[in-house]
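Take a look at the structure below.
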Amino acid sequence: MSLLDAAREVRDAAYVPYSHFKVGAAVRGKSGAIYRGCNVENVAYPEGTCAEAGAIAAMVAGGETELTEVAVIADSPAPVPPCGGCRQKLAEFGCSDTPVLLATTSGETLATTIGELLPGRFDAGHMERAGS
Ligand code: THU
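Quick note: to get this note's numbering, add 2 to the position in the sequence shown (first position is 1).
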């Protein structure tokens with residue numbers, strides 16, 4: 003199964019009683035295994051979680067901390083861009099050239115990378131002068 007098909011499949015499980023906007027995400031770990039996530043909303047709106055965060059949590063729970071590929075899909079007019087927080091979360095476990103495929107349910111896709119999604123990101127190097 004392709005990574006995009008995995009994201010499309012898990013999207014059906016999204017819990018979205020408030021936005022009615024289902025998102026599916028899948029990441030491939032360094033081992034080649036696929037991990038999936040969907041958005042899970044909450045009546046206390048800020049407590050909801052994005053599909054990408056779910057997929058990353060599944061990967062880490064599965065014992066992996068490096069991802070090599072990402073796919074995200076939603077029923078949006080244009081390929082759905084990950085939110086700012088999810089860009090930082092993806093960057094934590096991928097590289098600047100890690101491929102990210104954004105897609106719509108109607109078949110439009112946009113191929114990008116983690117580095118393009120989050121240029122100039124904050125990383126561990128910025129903390130080098132902090133006392134320890
Ligand atoms: N959402 C995601 O799951 N991923 C994204 O990349 C963008 C937004 C979710 C959060 C919320 O449940 C709904 O989409 C509307 O913002």
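No residue lacks a Cβ here, since even glycine has one placed at the ideal position from N, Cα and C.
Cβ-Cβ distance between residue i and residue j below 8 angstroms
i	j	result
Thr111	Leu119	no
Ile58	Ala105	no
Asn41	Val18	yes
Ala60	Arg89	no
Pro101	Ala113	yes
Val25	Val82	yes
Leu69	Gly96	yes
Cutoff 8 angstroms; reference residue i; Cβ partners in own chain excluding five residues on either side
i	result
Ile36	Met3, Leu5, Ala8, Ala28, Val29, Arg30
Asp125	Ala93
6 angstroms Cβ shell around residue i - same chain, five flanking residues per side excluded
i	result
Cys123	In the sequence as presented, Cys is not what sits at residue 123; that position holds Arg. Hits under 6 angstroms: Ala93.
Tyr20	Glu43
Thr1	Nothing about residue 1 can be reported from this structure: the residues present for the chain run from 3 to 134 only.
Ala15	Cys40
Sequence-distant residues of the same chain with beta carbon closer than 7 angstroms to residue i, five excluded per side
i	result
Pro84	Glu54, Val74, Leu92, Leu119
Arg131	none
Ser33	Glu66
Tyr47	Tyr20
Val45	none
Arg10	Gly26, Ile75
Thr115	Ser98, Asp99, Thr100, Pro101, Val102
Contact with chain C by residue i, beta-carbon distance below 8 angstroms
i	result
Gly117	The displayed structure is made up of one protein chain only, and chain C is not part of it.
Residues that residue i bridges to, as DSSP identifies them
i	result
Val29	Tyr37, Val72
Tyr17	Val42
Leu120	Partner(s): none; Leu120 has no beta bridge.
Val12	DSSP output for Val12 lists no bridge partner at all.
Pro101	Thr115
Thr51	Val42
Inter-residue CB distance, residue i and residue j (contact presumed, cutoff 8 angstroms)
i	j	result
Gly127	Asp99	Not quite, the Cβ-Cβ distance comes to about 17 angstroms (not below 8 angstroms), so this is no contact.
Note to self: Beta-carbon distances below 6 angstroms to any heavy atom of ligand 1 define the shell here; list its residues in chain order, please.
What the structure shows: A distance filter of 6 angstroms between CB atoms and the heavy atoms of ligand 1 selects the following residues in sequence order: Val18, Ser21, Phe23, Val25, Asn41, Glu43, Gly50, Cys52, Ala53, Glu54, Val74, Val82, Pro84, Cys85, Cys88.
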